[in-house]
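Student: Chains as they are written, first to last, in UniProt numbering: chain X, 1 to 406; chain L, 1 to 406.
Backbone N, C-alpha and C define an ideal beta-carbon position, used for all residues, glycine too.
On a predicted model such as this, the values are computed, not experimentally measured, just so you know.
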């Protein structure tokens, strides 16, 4: 028999998961409720209201999907995309590739507009592609942690209205850390996860859906047998290709209808609710500023150490930074030293960047001065121990914090 | 701003979710780990080993899906069922209907072998249908909580070998409460959830996969771009129609390859691991006996009160009991009284049974003498308060416990 859970106290400064807020962990220790008990549906309604705040939206349909961030992505795409529908995918990293991958499996007829990893796609290229291809759906990643770049999406809604498309945005890595102004963008579906800037565990995916998108999805409604009312009528559009990710049924579950679908993941709901409470109690502007300062301090510190920072400065995510692994240094040796000598995790990289960059995140509960400084100090020490002539990064980061009076 | 999570202390005696073991809630309060940290992958491997015990199997591929029990069902079916494949579905309740529903969405060519709600399908009828239709997959529900019946599945594997099929069994409502002898059945994929007899929160779905089924699924492997090795080769069978539920990629994530797919839901993993530890520490036989006695006590108590018990005595699930709502009694009024006066939840019913039966569960942490007795006493009281001449059910249940020396 294995022993009880007792993980080491490790500082998680990678691209997520990061350490959870203690308040979130405590919220999960509350006992369960029946799924239709009034207190449970009350918590569900409160969670909806809280995430409207976090997503900066008035969307009625704002709730959580029971799965990881990737579950939110698939729920959005399978519900928005009828087989054969044309989807325009904005790609410049691994998670853009994931959108393609999911669309292939859904049988969508997708086209892409691409930028090299480390860049973003200029909005006029997106607009040009949209006008040329007239897609039914435009899908994009807000912050792609694989490249540490944030895609500008300001005019997304306007473009979609012009060509009659709906839009999907994956904000997994940015929600609660960078501004995700859903209504100002005019985005139709935006999804996220808890394990990045919201400072909770993976396993619950906040989602918000515009009335426009909800109307489309309800036209695909096909309530399952066993729970459907005898007088239920189905929508006239193609049935959604997944039961678990059928947003029409999930919205019916989160509505006053309370039509049973899955059994809501109660502990994860408690976690999601507490993440949102923490975010709104801090205040979104204060929160974005905290992440932005932490990100600038990581960049300044890395450069002061003598390391090159990856990607385009103008579009850098504030909460995760790519740092080139110097020649003659083995990236995994440094990561192992960071973990074993300092109990700090920094991130590796995927695909074309594997072995070329580390990724240092400062997200949620960890986007704080002392954690950034400790991480930079540890990185310097590990680099010197491996023979790289690292200068001090701590001083530069500390100066940045002191100059900001944070 | 809403207040912190502080649910009432309610006894959940419905068909699930039930109250979680305090140890499970405490396990979830441990902080997170990086998803590839050695301690995290260690916990993943331990969870695999523990669920081999719970599932009574040697299957290497035994792990958890990040979602509710329904996510496990869909992952199994989408991975086992190629478009156009013939699936034989064994149906006698709501969850049998759910299998049909999912197969429709997958584009499977399914046939069914049915029994009326409250009955099970005799195995010779399953065998007859299998020989006539030669399906690629046979899918069944072990315990369908909608009807409270447990489907016998002893010869499932033998039948599948005879006709060259793979099998899927949903054991959501029985795993950890009734015997689910995966290897003795010869079942190929079996899935479950935590929120019934395992006594944890919904949101993690244990799954076990035979080598035979794994081989089939790996023949459908198509590793996503962005993480695939340059020399990766894909399987020669049809690509799985979901990314999130692609068991080939999920197995690669849980294997020594550790190929990143989703971000493992760490807190739910901690919960799943603790549920299994508790089950194996108690011992499966002791646990099945505890559920069986609790179920018999509920049945005896209900009958002593003067209520009729729903369904076929020979195939009753031990952990959930259907009880007819007497004429002239409104079922929802009793449920509301149970909740408001006694802080006890009992279950309503679905479809053809809605308004006709209550469902009383005694599962996991709640399959205990005092909880059964308290529930029966409360039910008597509520029935008398509403004018039904209820006799004592407590006495009969207590006698049963005393006779068993439990």
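Are any of the Cβ atoms in chain X nearer than 8 angstroms to that of residue 4 of chain L?
Tutor: As a position in the second chain, residue 4 of chain L is number 4, starting the count at 1. Closer than 8 angstroms to some Cβ of chain X, the Cβ of residue 4 of chain L qualifies, so yes.
Student: Evaluate the contact criterion for the segment 74–94 of chain X versus the segment 162–179 of chain X: three or more CB pairs, one atom per stretch, below 8 angstroms.
Tutor: Enough Cβ pairs lie closer than 8 angstroms, so yes.
Student: Give, in chain order, every unbroken run of the alpha helix (DSSP H) that is at least 4 residues long and sits entirely within the segment 203–280 of chain X.
Tutor: The qualifying runs are 211–218 and 247–254.
Student: Rounded to whole angstroms, how far is the Cβ of residue 372 of chain X from the Cβ of residue 397 of chain X, which I believe are closer than 8 angstroms?
Tutor: Residue numbering aside, residue 372 of chain X sits at position 372 when the first chain is read from its first letter. Residue numbering aside, residue 397 of chain X sits at position 397 when the first chain is read from its first letter. At roughly 6 angstroms, the Cβ-Cβ gap stays under 8 angstroms, so residue 372 of chain X and residue 397 of chain X are in contact.
Student: Taking buried to mean at least 16 other C-beta atoms within 10 Å of its own C-beta, is residue 17 of chain L buried or exposed?
Tutor: Position 17 of the second chain, counted from the start, is the residue given in the question as residue 17 of chain L. Buried is the call here.
Student: How would you write the range of the alpha helix (DSSP H) that residue 324 of chain X sits in, first residue to last?
Tutor: Indexing the first chain from 1 puts residue 324 of chain X at position 324. Segment 320–324 is the beta strand (DSSP E) holding residue 324 of chain X; no alpha helix (DSSP H) there.
Student: List the residues that DSSP assigns as beta-bridge partners of residue 62 of chain L.
Tutor: Counted from its first residue, the second chain places residue 62 of chain L at position 62. Paired residues: L:208.
Student: Which complete alpha helix (DSSP H) runs does the segment 109–168 of chain X hold, if anything under 4 residues is left out?
Tutor: Qualifying alpha helix (DSSP H) stretches, in chain order: 123–133 and 156–163.
Student: Note down, in chain order, every chain L residue with its Cβ under 8 angstroms from the Cβ of residue 356 of chain X.
Tutor: In the first chain, residue 356 of chain X corresponds to position 356, counting from 1. Those do not exist, as residue 356 of chain X stays about 15 angstroms from chain L at its closest Cβ, beyond 8 angstroms.
Student: If you follow the alpha helix (DSSP H) that residue 303 of chain X is part of, which residue opens it and which one closes it?
Tutor: Here residue 303 of chain X corresponds to residue number 303 of the first chain, with the count starting at 1. Taken as a continuous stretch (DSSP letters only), the alpha helix (DSSP H) holding residue 303 of chain X covers 284–305.
Student: Report the start-end ranges of each alpha helix (DSSP H) in the segment 355–384 of chain L that is 4 residues or longer and not cut off at the edges.
Tutor: Runs of the alpha helix (DSSP H) inside the segment 355–384 of chain L: none found.
Student: For residue 18 of chain L, name the three-state secondary structure that DSSP assigns.
Tutor: Position 18 of the second chain, counted from the first residue, corresponds to residue 18 of chain L. Of the three classes helix, strand and coil, the one that applies to residue 18 of chain L here is coil, per DSSP.
Student: Going by beta-carbon coordinates alone, are residue 68 of chain L and residue 205 of chain L separated by less than 8 angstroms?
Tutor: Taking the first residue of the second chain as 1, we reach residue 68 of chain L at position 68. Taking the first residue of the second chain as 1, we reach residue 205 of chain L at position 205. Cβ atoms of residue 68 of chain L and residue 205 of chain L: closer than 8 angstroms.
Student: Using a Cβ-Cβ cut-off of less than 9 angstroms, give me the residues of the segment 235–264 of chain X that come near chain L, in sequence order.
Tutor: Result list: 239, 240, 241, 242, 243, 244, 245, 246, 260, 261, 262, 263 and 264.
Student: Hey, how far is the Cα of residue 100 of chain X from the Cα of residue 73 of chain L?
Tutor: Locating residue 100 of chain X in the first chain gives position 100, counting from the first residue. Locating residue 73 of chain L in the second chain gives position 73, counting from the first residue. Rounded to whole angstroms, residue 100 of chain X to residue 73 of chain L spans 25 angstroms at the Cα level.
Student: Pull up the CB-CB distance for residue 36 of chain L and residue 190 of chain L, whole angstroms please, since I reckon it's below 8 angstroms.
Tutor: By 1-based counting over the second chain, the position of residue 36 of chain L is 36. By 1-based counting over the second chain, the position of residue 190 of chain L is 190. Between residue 190 of chain L and residue 36 of chain L the Cβ distance is about 28 angstroms, and since that is not below 8 angstroms, they are no contact.
Student: Ordered along the chain, which non-local residues of its own chain (more than five positions away) have a Cβ less than 7 angstroms from that of residue 400 of chain X?
Tutor: Locating residue 400 of chain X in the first chain gives position 400, where the first residue counts as 1. Here the set comprises 296, 297 and 300.
Student: Could you tell me which residues DSSP puts in a beta bridge with residue 178 of chain L?
Tutor: In the second chain, the residue the question calls residue 178 of chain L occupies position 178. According to DSSP, which records beta bridges pairwise, residue 178 of chain L is partnered with L:175.
Student: Give a yes or no on whether the minimum CB-CB distance between residue 350 of chain X and chain L is below 8 angstroms.
Tutor: Your numbering for residue 350 of chain X matches position 350 in the first chain. Closer than 8 angstroms: yes.
Student: Kindly say whether residue 69 of chain L, judged by its beta-carbon, lies nearer than 8 angstroms to any beta-carbon of chain X.
Tutor: Here residue 69 of chain L is taken as the residue at index 69 of the second chain, counted from 1. Cβ-Cβ to chain X under 8 angstroms: yes for residue 69 of chain L.
Student: Does the beta-carbon distance from residue 226 of chain L to residue 350 of chain X come in below 8 angstroms?
Tutor: In the second chain, the residue the question calls residue 226 of chain L occupies position 226. In the first chain, the residue the question calls residue 350 of chain X occupies position 350. For residue 226 of chain L and residue 350 of chain X, yes; Cβs fall inside 8 angstroms.
Student: Are there 16 or more other CB atoms within 10 angstroms of the CB of residue 136 of chain X, so buried, or fewer, so exposed?
Tutor: Along the first chain, read from residue 1 onward, the residue named residue 136 of chain X stands at position 136. Answer is buried; the Cβ neighbour count reaches 16.
Student: Is the segment 365–385 of chain L close to the segment 46–53 of chain L, with three or more CB pairs under 8 angstroms?
Tutor: Output reads no: the segment 46–53 of chain L does not touch the segment 365–385 of chain L.
Student: Is it buried or exposed for residue 403 of chain L, if we count other Cβ within 10 angstroms and need 16 for buried?
Tutor: Start at 1 with the first residue of the second chain, and residue 403 of chain L comes out as number 403. Exposed, because fewer than 16 other Cβ atoms sit within 10 Å of the Cβ of residue 403 of chain L.
Student: Does residue 266 of chain L come within less than 8 angstroms of chain X when only Cβ atoms are used?
Tutor: Numbered from its first residue, the second chain carries residue 266 of chain L at position 266. Yes - at least one Cβ of chain X is within 8 angstroms of the one on residue 266 of chain L.
Student: Please report how far the alpha carbon of residue 325 of chain L lies from the alpha carbon of residue 117 of chain L, in whole angstroms.
Tutor: As a position in the second chain, residue 325 of chain L is number 325, starting the count at 1. As a position in the second chain, residue 117 of chain L is number 117, starting the count at 1. Each residue's Cα considered, the two are about 17 angstroms apart.
Student: I want to see whether chain L comes within less than 8 angstroms of residue 105 of chain X, judged by CB atoms only; does it?
Tutor: As a first step, residue 105 of chain X is located in the first chain; it is residue number 105 there, counting from the start. Cβ-Cβ to chain L under 8 angstroms: yes for residue 105 of chain X.
Student: So what does DSSP say about residue 334 of chain L, is it helix, strand or coil?
Tutor: Here residue 334 of chain L refers to the residue found at position 334 when the second chain is read from its first residue. Note: residue 334 of chain L maps to helix in three-state DSSP.
Student: How close, in whole Å, do the beta carbons of residue 360 of chain L and residue 346 of chain L come, if the pair is a contact with beta carbons under 8 angstroms?
Tutor: One-based indexing of the second chain puts residue 360 of chain L at position 360. One-based indexing of the second chain puts residue 346 of chain L at position 346. Confirmed, Cβ separation roughly 5 angstroms.
Student: DSSP puts residue 90 of chain L in a beta bridge; with which residues?
Tutor: Residue mapping note: residue 90 of chain L aligns to position 90 of the second chain, counting from 1. Answer by DSSP bridge pairing, in chain order: L:113.
Student: Return the chain-ordered list of same chain residues with a C-beta closer than 7 angstroms to the C-beta of residue 148 of chain L, the five sequence neighbours on each side being excluded.
Tutor: Taking the second chain and counting its residues from 1, the one referred to as residue 148 of chain L is at position 148. Cβ within range, chain order: 310, 311, 316, 317, 320, 321, 322 and 359.
Student: Give a yes or no on whether the C-beta atoms belonging to residue 252 of chain L and residue 213 of chain L are separated by under 8 angstroms.
Tutor: If you number the second chain from 1, residue 252 of chain L lands on position 252. If you number the second chain from 1, residue 213 of chain L lands on position 213. Against a cut-off of 8 angstroms, the Cβ pair of residue 213 of chain L and residue 252 of chain L comes out as no contact.
Student: Listing by chain order, which chain L residues have their CB less than 8 angstroms from the CB of residue 80 of chain X?
Tutor: Within the first chain, the letter at position 80 stands for residue 80 of chain X. Near residue 80 of chain X there are no residues of chain L at all, since even the closest Cβ is about 15 angstroms away, more than 8 angstroms.
Student: Spatial neighbours of residue 28 of chain X within its chain, please: C-beta separation below 7 angstroms, excluding the five flanking residues on both sides.
Tutor: Sequence index remark: in the first chain, residue 28 of chain X carries index 28 (1-based). Contacts found: 267, 270 and 271.
Student: Below 8 angstroms on the Cβ atoms is my guess for residue 31 of chain X versus residue 25 of chain L; work out the distance and round it to an integer in Å.
Tutor: Here residue 31 of chain X refers to the residue found at position 31 of the first chain. Here residue 25 of chain L refers to the residue found at position 25 of the second chain. The pair is a contact, with the Cβ atoms about 7 angstroms apart (cut-off 8 angstroms).
Student: Could you tell me whether any Cβ in chain L is nearer than 8 angstroms to the Cβ of residue 151 of chain X?
Tutor: Indexing the first chain from 1 puts residue 151 of chain X at position 151. False, the Cβ-Cβ gap to chain L never drops below 8 angstroms.
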